[in-house]
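Written out below as structure tokens is the structure these notes cover.
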Amino acid sequence: MISEQPVPQIVYRKRNMTDEINSPAFPPGRSEVAISTRTVDNAEVVTVSGVVDAATAAEVTAAFEQVFDAAPAAVVVDLCAVSFLASAGMTVLIKASEQARERAGSTVGFAVVADGSAIRRPLTIVGLDAELNLCETLDEALRRVS
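Per the working numbering, the sequence shown starts with residue 9, numbered consecutively.
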């Protein structure tokens, strides 16, 4: 006779991004971002510095929404001072590019400046260089969007 062994119950806890952000492995201050905007010629230049990841994506998204609310002729995102760009940050950039097309039609220029390989290479590897109109310098980006 075969004895029936109780099947152990495996309980999976659904994790969300808040769990990750609030974990000890993700110490406070690890993800900090600074965002500034300025007008250069007819373009709004959004300068982002620091870390763009799940913890800071909402802040960066809010900054883009404010920029697009002003209906600029062009938007240039300067990532030269970004030290880390996670997939959440790439998603923010894709959405900003889409927002530029949706809000103002095809007449709005949109470009992203990334001069270092730490940011430029991942964007290129996943094929976002063409989608985001990736440039190496601010001057190049301003020329492309004008």
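Backbone N, C-alpha and C fix where the C-beta goes; we use that ideal spot for every residue, glycine too.
For the 8 Å CB-CB criterion, V75 and E52 form a contact. For S57, the enclosing beta strand (DSSP E) covers residues A51 to V60. Note on I133: under 16 other CB atoms within 10 angstroms of its CB, so exposed under the neighbour-count rule.
A residue is called buried once 16 or more other Cβ atoms fall within 10 Å of its Cβ, and R38, having fewer, is exposed. D77: member of the alpha helix (DSSP H) spanning A65 to D77, first to last residue.
Non-local beta-carbon contacts of A94 in its own chain, meaning distances under 7 Å to residues more than five positions away in sequence, involve V60, D61 and A62 in chain order.
About 12 Å separates the CB atoms of L140 and V153; that is not less than 8 Å, and the two are not in contact. Annotation: R152 is outside any beta strand (DSSP E); the continuous alpha helix (DSSP H) that includes it extends over L146 to V153.
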